[in-house]
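> This is the structure, below, for whatever I ask next.
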Amino acid sequence: MAEAVSPAVPDLLRRLTIPVAAAVGLIVSIAWYVTWESSNLTMMLNAPFAVRATDLALFFALIVVMMVAMMLPSALPMALAYYGITRLEDGRPTKPADVLGTIAFLFPYFVVWGFFGVAALLGLMALGLIGSTLMGPALFLSAGILLAAGLWQVTRTKEVCLSQCTTPVEFVLHHWRGGRLGALRMGFRHSMYCIGCCWLFMLVLFISGSMSLLWMGGISIAIFAEKLGVRTVLFSRVIGVILVGLGALVAIAASFAM
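Shown next as structure tokens:
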């Protein structure tokens, strides 16, 4: 597949960016609105006993909507790369783009994040890290998650996963599989790299006030800048330093609360 791509591919992707970005902007805006309107449901996370009596499918759906709001902007270049490359025939954009294939490519991304979110939520509940107030040992565990998230930013695994997210055309070409089933497989592979890159961000989000919009916005901006900015590895490490600092502050606060 890679040998068949002409130098016109980047120009094609730039031409596609405006209409697709407008559509994505609308979808993301709706997702943020739904998240805002569902804030009373997210407040239920402050009462772990209530979650066990709640249909987990509802929380799965809510987490998927949150992931659309948070992650779709940073996934746009990857979706554009797939969308544009489906137009290629003999290296030239002569075919209609595969819209359904692009949807199939994105579908596993949000489903996998949804399952991860529910599993992470249940795990943090079991550790006593979801609640209206965190005291004593729970504060130390929260500090540990912040420290782990910061240290993860400088690991080789993080760097490898991030590199797969910051080179969308190369990712699509290298992992290309034809057809809708191939799109699903590629999307699943991409979701695994994305989780490897950002999973600790999501744990930080869960422990930082039950997925408050302020934390959601801050983490969304960090992920977007990390994946789409310049000198992404350096930026990733700066985020790591900030998270380690926050973890240290929480640990100090926990020591005084004992």
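My numbering puts the first residue of the sequence shown at 433, with every later residue one more than the last. Don't be surprised by glycine CBs; every beta carbon is placed ideally from N, CA and C.
Please work out which residues of its chain come closer than 6 Å, Cβ to Cβ, to V441, disregarding the five sequence neighbours upstream and downstream, and give them in chain order.
Residue placement at V441 cannot be trusted, given a pLDDT of 45 that sits under 50; what the coordinates show is reported in the next sentence. Contacts found: none.
> Applying the 10 Å Cβ sphere with the 16-neighbour rule, what's the burial state of P569?
The residue in question, P569, is exposed, as its Cβ has fewer than 16 Cβ neighbours within 10 Å.
> Would C593 pass as a contact of G560 if the rule is Cβ separation under 8 Å?
For C593 and G560, no; Cβs fall outside 8 Å.
> Going by Cα to Cα distance, which pick from L512, L532, L583 and F539 is closest to G672?
Comparing Cα-Cα distances from G672 to each of L512, L532, L583 and F539, the minimum goes to L583.
> Does DSSP put L681 in a helix, in a strand, or in coil?
Here L681 sits in helix by DSSP.
> Can you name the residues that DSSP bridges to L605?
Per DSSP, none; premise fails for L605.
> Alpha carbons only, please: which of Y465, T518 and L458 is nearest the one belonging to K527?
Nearest of Y465, T518 and L458 to K527, Cα basis: T518.
> CA-CA distance, L488 and Y514?
Looking at the two C-alpha atoms, the distance is approximately 32 Å.
> Among G549, L613 and G576, which one has its Cα closest to the Cα of I495?
Cα-wise, what sits closest to I495 is G549.
> Please identify the residue among V636, L553 and T598 whose C-alpha is closest to the C-alpha of T664.
Among V636, L553 and T598, the Cα nearest to that of T664 belongs to T598.
> Report the three-state DSSP secondary structure of R663 (helix, strand or coil).
Three-state DSSP puts R663 in coil, outside helix and strand.
> With a cut-off of 8 Å on the beta carbons, I'd call W545 and M510 a contact; round off their distance for me.
About 14 Å; that fails the 8 Å criterion.
> Can you name the start and end residues of the alpha helix (DSSP H) that Q596 belongs to?
Run containing Q596: R588 to C597, per the alpha helix (DSSP H) assignment.
> Decide if A434 is buried, meaning its Cβ has at least 16 other Cβ atoms within 10 Å, or exposed.
The predicted position of A434 is uncertain, since its pLDDT is 43 and thus under 50; a value taken from the coordinates is nonetheless stated next. Exposed, by the Cβ-count rule.
> Which stretch, first to last residue, makes up the alpha helix (DSSP H) that contains S623?
Its alpha helix (DSSP H) spans residues G611 to I639.
> Could you pull out every residue in the same chain whose Cβ sits closer than 7 Å to the Cβ of R612, ignoring the five residues on either side in sequence?
L532, G533 and A536.
> Do F633 and I655 count as a contact pair if the criterion is CB distance below 8 Å?
Closer than 8 Å, so yes.
> To which residues of the same chain is S470 closer than 7 Å at the C-beta, ignoring the five residues directly before and after it?
For S470, where only same-chain residues beyond five positions count, the Cβ hits under 7 Å are L494.
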